[in-house]
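Residue numbers (the numbering used here): 6 to 600. Backbone N, C-alpha and C fix where the C-beta goes; we use that ideal spot for every residue, glycine too. In this text, all values refer to a predicted model and were calculated from it rather than measured experimentally. Written out below as structure tokens is the structure these notes cover.
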RNA sequence: GCACCCAUAGCUCAGCUGGAUAGAGCGUUGCCCUCCGAAGGCAAAGGUCAGAGGUUCGAAUCCUCUUGGGUGCGCCA
């Protein structure tokens, strides 16, 4: 039996890092030099440490001498098979095969599939989605929703206490525009009669479809006509001042919109803890403004109340934070600041993340600085998680063929249609019921969209190409689902044959490589967490699926001659499936039983 | 004008705290199903990492400049 005196309880790279770090420390050098990573030259060894070269400067010794001392110290290590020095001082490490077996067993028994919890869990509010009342969700909301949802899943997974908030756009000028538009179309409604004493009807005078038609019309009219715009502004002020008819009408807008939004988010598989909106903090604004005035944080400038946030030592021309417009009305900056106050009282988070289009970077910088300056919230605990836009094939923000914005619901339907066509074309998943086939098509469509979005670097723009996303070959969501489904199929077959997973041991190279891939999850999860970038999770899922495919092609599982090999390989397959599904749960996709 | 994001294979993109021969996927050209789902595997071709300096034993990565593209910049959200 292999030597099992040492338990790992960390990734293989981390354990080797500790061993190498100790060897550096023994030479009086910083243990951080011992960092071991997966090798860039897997033909030489699976892991490498480059610390000796960096150490040469500190120690004033040739790097090879340092590397040799490290190698000598680790020569008899119970985890290391070979340790070799190459080139100027690269230390190449090959772990003993039982290290892989031990690590596989650990990951298998681990609730987090090998990932690690954060050291100190924090309370985190994640603000994302950000849809508006009266406007249907469109592709512009897609990234915020998908990235934000993945982040809330990941932060929870790693142990933080997360509160997600959709932060509905329900309170600005757009509401006044809408109210005045409805007044034009249906002037006889009681909402516009100031002498009306109520009660107002329970039934909304407008449907979601009506709103979608009325809002763009109102918006365009206000752009063209100044008087029309002033009318909308006045209505906005009246609404915010509590004019009963407007408030009643506004409630209908909100309720009708929310119902539609809930449907969209449900289709996307995105959940929010809170459905708060800008209007919810309206009541906090007068007190906040008073507080800021009395403490001299804000002052009047050109008729408006501002908080200067530009700094002397920087060249950028950051405009001041606008607390109140010259007409006394609040802006979205105002509600964002008030929302910070609200969250401080309600959740008292250690961190607030705003998953919003990168184009709003300046806006958030102003809000964060203002919050800090007012003493409401520390700047370091506020983060704008910006993202690039989704562009069409022409490299410009995505538009439909008609030039309009594509609704989210239509996008999902398009993806599902394509997925269904591909499934039928390939003759896959056709044995189930019509309902099952439809569910599979939808799962594939959603996985295609989400994976394509999340696998891009968060900060860059990306080109939307549905055909590429829904392709079943290559680095796509559907391919990942396929990889998982193939394992599920194998597990069913194993059960039928009475084969059970057993103890994992490593014989073939592909088995070791598969465990190395599984082992990489801890790093992927922490990178994704630290950088607030789910693309590390996507990369990991794909790397793992690829490693499994190689294993699958070269290592017969149920066809293995030896019963112990069969049981070990089946356990590896089961473990891969488990971790794959864990990663899926973090990027919000779901593998069906068959497809 | 100022600030932010970006430029890597024909196309779409990765590249962690600077490390060896810059990686995937698609596409192209071969090969592999009497064998667990070939939506797969193996192999080949394909690169002045936008350009120029600098720091370093070592730069796609860090610094400066230039070019080219995207975005934002006082009372919309």
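Sequence ranges, alpha helix (DSSP H) only - wholly within the region 67-135, length at least 4: For the alpha helix (DSSP H) assignment, the uninterrupted runs of no fewer than 4 residues enclosed by the region 67-135 are, from N- to C-terminal side, 68-79, 102-114.
- request: Under 8 Å by Cβ, that's how I've got residue 165 and residue 123 pegged, so tell me the actual separation to the nearest angstrom.
  value: Counting from one through the first chain, the residue named residue 165 turns up at place 160. Counting from one through the first chain, the residue named residue 123 turns up at place 118. With 8 Å as the limit, residue 165 and residue 123 qualify as a contact, their Cβ atoms being about 6 Å apart.
Bridge partner(s) assigned by DSSP for residue 402: The count along the first chain starts at 1 and reaches residue 402 at position 397. In DSSP, residue 402 forms a bridge with 396.
- prompt: Does the Cβ of residue 157 have 16 or more other Cβ atoms within 10 Å, making it buried, or fewer, making it exposed?
  reply: Against the first chain, residue 157 aligns to sequence position 152. With 16 or more other Cβ atoms within 10 Å, it is buried.
message: Between the alpha carbons of residue 187 and residue 539, how many angstroms are there, rounded?
response: On the first chain, position 182 is the one that residue 187 refers to. On the first chain, position 534 is the one that residue 539 refers to. Roughly 42 Å separates the two Cα atoms.
Of the listed residues 501, 83, 150, nearest to residue 392 (C-alpha basis): The residue labelled residue 392 in the question sits at position 387 within the first chain. That would be 150, whose Cα lies nearest to the Cα of residue 392.
message: Tell me the residue span of the alpha helix (DSSP H) that contains residue 37.
response: To locate residue 37, count along the first chain from 1; it is residue 32. Taken as a continuous stretch (DSSP letters only), residue 37 belongs to no alpha helix (DSSP H), as it is neither H nor E.
query: Where DSSP assigns a beta bridge to residue 174, which residues make up the other side?
result: Position 169 of the first chain holds residue 174. Beta-bridge pairing links residue 174 to 137.
task: Might you give, ordered along the chain, the residues of its own chain that have their beta carbon closer than 7 Å to the beta carbon of residue 224, omitting 5 neighbours on each side?
output: As a first step, residue 224 must be located in the first chain, where it is residue number 219. Answer for residue 224: 182, listed in chain order.
field: Cβ-based neighbour list, residue 517, same chain, cut-off 6 Å, excluding 5 preceding and 5 following
entry: What you label residue 517 is simply residue 512 of the first chain in a count that begins at 1. Around residue 517: 105, 511.
task: Classify residue 54 as helix, strand or coil using the three-state DSSP reduction.
output: Counting from 1 along the first chain, the entry for residue 54 is found at position 49. Note: residue 54 maps to strand in three-state DSSP.
- prompt: How long is the line joining the alpha carbons of residue 78 and residue 378, rounded to whole angstroms?
  reply: Against the first chain, residue 78 aligns to sequence position 73. Against the first chain, residue 378 aligns to sequence position 373. Approximately 53 Å, taken between the alpha carbons.
query: Taking the alpha-carbon positions, what's the residue 578 to residue 428 distance?
result: Within the first chain, residue 578 is the residue found at index 573, counting from 1. Within the first chain, residue 428 is the residue found at index 423, counting from 1. About 25 Å.
- prompt: Which whole runs of the alpha helix (DSSP H) in the region 445-511 are 4 residues long or more, in chain order?
  reply: 471-475, 482-501
- prompt: To the nearest angstrom, how far is it from the Cα of residue 7 to the Cα of residue 88?
  reply: Within the first chain, the letter at position 2 stands for residue 7. Within the first chain, the letter at position 83 stands for residue 88. Because the pLDDT at residue 7 is just 42, under 50, the model does not fix this residue reliably, and the point stays unresolved.
task: Kindly indicate the opening and closing residues of the alpha helix (DSSP H) around residue 252.
output: Indexing the first chain from 1 puts residue 252 at position 247. Counting along the chain, the alpha helix (DSSP H) containing residue 252 begins and ends at 249-273.
task: Give me whichever residues DSSP pairs with residue 628 in a beta bridge.
output: The structure shown has nothing for residue 628, since the chain only spans 6 to 600.
- request: Figure out for me which residue from 420, 551, 397 has the closest Cα to the Cα of residue 409.
  value: Working through the first chain from its first residue, we reach residue 409 at position 404. Of the listed residues, the one whose Cα sits closest to residue 409 is 397.
Sub-9 Å separation of residue 167 and residue 129 beta-carbons: As a first step, residue 167 must be located in the first chain, where it is residue number 162. As a first step, residue 129 must be located in the first chain, where it is residue number 124. Against a cut-off of 9 Å, the Cβ pair of residue 129 and residue 167 comes out as a contact.
- request: Tell me residue 389's beta-bridge partners as DSSP assigns them.
  value: By 1-based counting over the first chain, the position of residue 389 is 384. Answer is 359, bridged to residue 389.
task: Could you have a look at residue 282 and say whether DSSP puts it in helix, strand or coil?
output: As a position in the first chain, residue 282 is number 277, starting the count at 1. In the structure shown, residue 282 sits in a strand (DSSP, three-state: E or B).
- request: Take the Cβ of residue 594 as the centre, count every other Cβ of all protein chains shown within 10 Å, and call the residue buried at 16 or more, exposed below.
  value: Walking along the first chain from the start, residue 594 turns up at place 589. Buried, by the Cβ-count rule.
Rounded separation between residue 254 and residue 197 - CA only: Taking the first residue of the first chain as 1, we reach residue 254 at position 249. Taking the first residue of the first chain as 1, we reach residue 197 at position 192. Looking at the two C-alpha atoms, the distance is approximately 9 Å.
- request: Using beta-carbon positions only, say whether residue 481 and residue 526 come within less than 9 Å of one another.
  value: Taking the first chain and counting its residues from 1, one reaches residue 481 at position 476. Taking the first chain and counting its residues from 1, one reaches residue 526 at position 521. It is not a contact, given that the beta carbons lie outside the stated cut-off.
- request: Check each candidate in 273, 96, 327 and name the one with the smallest Cα separation from residue 44.
  value: One-based indexing of the first chain puts residue 44 at position 39. With distances taken between CA atoms, residue 44 lies nearest to 96 out of 273, 96, 327.
- prompt: Residues bridged to residue 306 by DSSP?
  reply: Translated into positions along the first chain, residue 306 becomes position 301. In the DSSP secondary-structure assignment, residue 306 is bridged to 309.
- request: Return the bridge partner residues of residue 329 from the DSSP annotation.
  value: Here residue 329 refers to the residue found at position 324 of the first chain. Note: residue 329 sits in a beta bridge opposite 310, 335.
message: Measuring only the C-alpha atoms, how far is residue 295 from residue 243?
response: The residue given as residue 295 occupies position 290 in the first chain. The residue given as residue 243 occupies position 238 in the first chain. In a straight line, the C-alpha of residue 295 is about 21 Å away from that of residue 243.
Cβ neighbour criterion (16 or more within 10 Å) applied to residue 247: For the purposes of this step, residue 247 is taken as the residue at position 242 of the first chain. Exposed.
- request: Express the C-alpha separation of residue 541 and residue 390 in angstroms, rounding to a whole number.
  value: The residue labelled residue 390 in the question sits at position 385 within the first chain. The residue labelled residue 541 in the question sits at position 536 within the first chain. One C-alpha to the other measures close to 16 Å.
7 Å Cβ shell around residue 464 - same chain, five flanking residues per side excluded: Here residue 464 refers to the residue found at position 459 of the first chain. In chain order, 363, 391, 392, 393 place their CB closer than 7 Å to the CB of residue 464, counting only its own chain and leaving out the 5 sequence neighbours on each side.
task: Indicate whether residue 388 and residue 356 have their beta-carbon atoms separated by less than 9 Å.
output: Along the first chain, read from residue 1 onward, the residue named residue 388 stands at position 383. Along the first chain, read from residue 1 onward, the residue named residue 356 stands at position 351. Contact flag set, yes.
message: Report the CB separation of residue 395 from residue 147 in whole angstroms; it is logged as a contact under 8 Å.
response: Taking the first chain and counting its residues from 1, the one referred to as residue 395 is at position 390. Taking the first chain and counting its residues from 1, the one referred to as residue 147 is at position 142. About 7 Å; that satisfies the 8 Å criterion.
task: Could you tell me which of 530, 553, 460 sits nearest to residue 491, measuring between CA atoms?
output: Residue 491 sits at position 486 when you count from the first residue of the first chain. Checking every option, the nearest Cα to that of residue 491 belongs to 553.
query: Who are the Cβ neighbours of residue 521 in its own chain at under 8 Å, not counting the five residues just before and after it?
result: Your numbering for residue 521 matches position 516 in the first chain. Once the five neighbours on either side are set aside, the close Cβ partners of residue 521 are 17, 43, 51, 105, 552.
- prompt: Looking at C-alpha atoms only, which residue of 286, 519, 536, 308 is the closest neighbour of residue 557?
  reply: By 1-based counting over the first chain, the position of residue 557 is 552. Residue 519 is the option with its Cα nearest to residue 557.
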